[in-house]
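K.L.:
Residue numbers for the sequence shown follow our numbering, beginning at 8 and rising by one.
Virtual Cβ for every residue (Gly too), placed ideally from N, Cα, C.
This structure is a prediction, so every number in the text was calculated from the model and none was measured.
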Amino acid sequence: MENLQELFPENKVSLVKKQKNCTDISCYSNKLENILEWKATNGSKFKQKISIPEWIKEKDEYIKPCIKGLIETDGSVYYDRKYLMVNFVTIIPTIANDVMEMMRKIGYKPNMQTIKESPVQEMKYTIRISKNAEEFVKDMQINKS
8 MENLQELFPE
18 NKVSLVKKQK
28 NCTDISCYSN
38 KLENILEWKA
48 TNGSKFKQKI
58 SIPEWIKEKD
68 EYIKPCIKGL
78 IETDGSVYYD
88 RKYLMVNFVT
98 IIPTIANDVM
108 EMMRKIGYKP
118 NMQTIKESPV
128 QEMKYTIRIS
138 KNAEEFVKDM
148 QINKS
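1) Could you compute how far the alpha carbon of Ile32 sits from the alpha carbon of Lys151?
2) Hey, Gly82 and Phe95: beta-carbon distance below 8 Å or not?
3) State the start and end residues of the unbroken beta strand (DSSP E) segment that holds Met119.
4) Pull up the distance between the alpha-carbon of Glu79 and that of Ile149, whole angstroms please.
5) Compare the beta carbon distance of Ile134 and Met107 with 8 Å and say whether it is the shorter of the two.
6) Can the beta-carbon of Ala140 be found closer than 8 Å to that of Met119?
7) Can you tell which of Thr121, Met130, Gln55 and Ile136 has its C-alpha closest to the C-alpha of Tyr90?
8) Between Ile42 and Asp105, is the Cβ-Cβ spacing less than 8 Å?
9) If you follow the alpha helix (DSSP H) that Thr48 is in, where does it begin and where does it stop?
10) Please go through the same chain and pick out, in chain order, the residues whose beta-carbon is closer than 8 Å to the beta-carbon of Pro72, but skip the five residues on each side of it.
11) Candidates Val20, Thr97 and Val23: which alpha carbon is nearest Phe53's?
12) Check the C-beta distance from Lys112 over to Ile70 and give it rounded, since I have them as a contact under 8 Å.
13) In chain order, what residues of the same chain have a beta carbon less than 6 Å from the beta carbon of Lys123, not counting five sequence neighbours either side?
14) Mind reading off the beta-carbon distance from Gln12 to Val23? Whole number of angstroms is fine, and I expect it under 8 Å.
15) If you scan the stretch 72 to 106 from start to end, which runs of the beta strand (DSSP E) of 3 or more residues do you find wholly inside it?
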């Protein structure tokens, strides 16, 4: 929350309690579209082919919190035959490629699988960290509890 307040010092950033163990972070700002480089009124993120902004991809100090947030919202951490695995899943090819690029930039070796489960569904991109997954989880400070 402090990071959002730092980005938007003149805007309201607050916590909104939901269920027992769920909290939304709310940020009201007319600057979000410029920072995120996509428009809320132009359709889905998939339709707009959004990507991670260059200013995030350029600095490790932004890459790690970005990856952490993506995995905590659209990823999973699990054991497969006693080995820790980390996945991130998206249907947006530009985001998949950006996540691969960022993970490589900070020294990890992700792999990507693509699956199209039916003709009417979009291609699904699954990015996986299988080697050094424990180090990755600690380094990114991922909390999926």
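P.N.:
Taking the coordinates as given:
1) Position 25 of the sequence shown, counted from the first residue, corresponds to residue 32. Position 144 of the sequence shown, counted from the first residue, corresponds to residue 151. When rounded, the distance between both Cα atoms is 17 Å.
2) On the sequence shown, position 75 is the one that residue 82 refers to. On the sequence shown, position 88 is the one that residue 95 refers to. For Gly82 and Phe95, yes; Cβs fall inside 8 Å.
3) Locating residue 119 in the sequence shown gives position 112, counting from the first residue. It spans Asn118 to Ile122 - the beta strand (DSSP E) in which Met119 sits, taken as one unbroken run.
4) One-based indexing of the sequence shown puts residue 79 at position 72. One-based indexing of the sequence shown puts residue 149 at position 142. So the two alpha carbons sit approximately 7 Å from each other.
5) Working through the sequence shown from its first residue, we reach residue 134 at position 127. Working through the sequence shown from its first residue, we reach residue 107 at position 100. It is a contact, given that the beta carbons lie within the stated cut-off.
6) Position 133 of the sequence shown holds residue 140. Position 112 of the sequence shown holds residue 119. No, the Cβ-Cβ distance between Ala140 and Met119 is not below 8 Å.
7) For the purposes of this step, residue 90 is taken as residue 83 along the sequence shown, with counting starting at 1. Ile136 is the residue among Thr121, Met130, Gln55 and Ile136 whose C-alpha sits nearest the C-alpha of Tyr90.
8) Residue 42 sits at position 35 when you count from the first residue of the sequence shown. Residue 105 sits at position 98 when you count from the first residue of the sequence shown. Taking 8 Å as the Cβ cut-off, Ile42 and Asp105 do not qualify as a contacting pair.
9) Reading the sequence shown from its first residue, position 41 is the one you call residue 48. Here Thr48 belongs to no alpha helix (DSSP H), and DSSP marks it neither H nor E.
10) In the sequence shown, residue 72 corresponds to position 65, counting from 1. The answer, listed in chain order, is Asn10.
11) One-based indexing of the sequence shown puts residue 53 at position 46. For the residues Val20, Thr97 and Val23, the minimum Cα distance to Phe53 belongs to Thr97.
12) Numbered from its first residue, the sequence shown carries residue 112 at position 105. Numbered from its first residue, the sequence shown carries residue 70 at position 63. So it is a contact: roughly 6 Å between Cβ atoms.
13) As a position in the sequence shown, residue 123 is number 116, starting the count at 1. Closer than 6 Å at the Cβ level, and outside the excluded window around Lys123, lie Met130.
14) If you number the sequence shown from 1, residue 12 lands on position 5. If you number the sequence shown from 1, residue 23 lands on position 16. Actually they are not in contact, since the Cβ atoms of Gln12 and Val23 sit about 15 Å apart, beyond 8 Å.
15) 82 to 87 and 90 to 97
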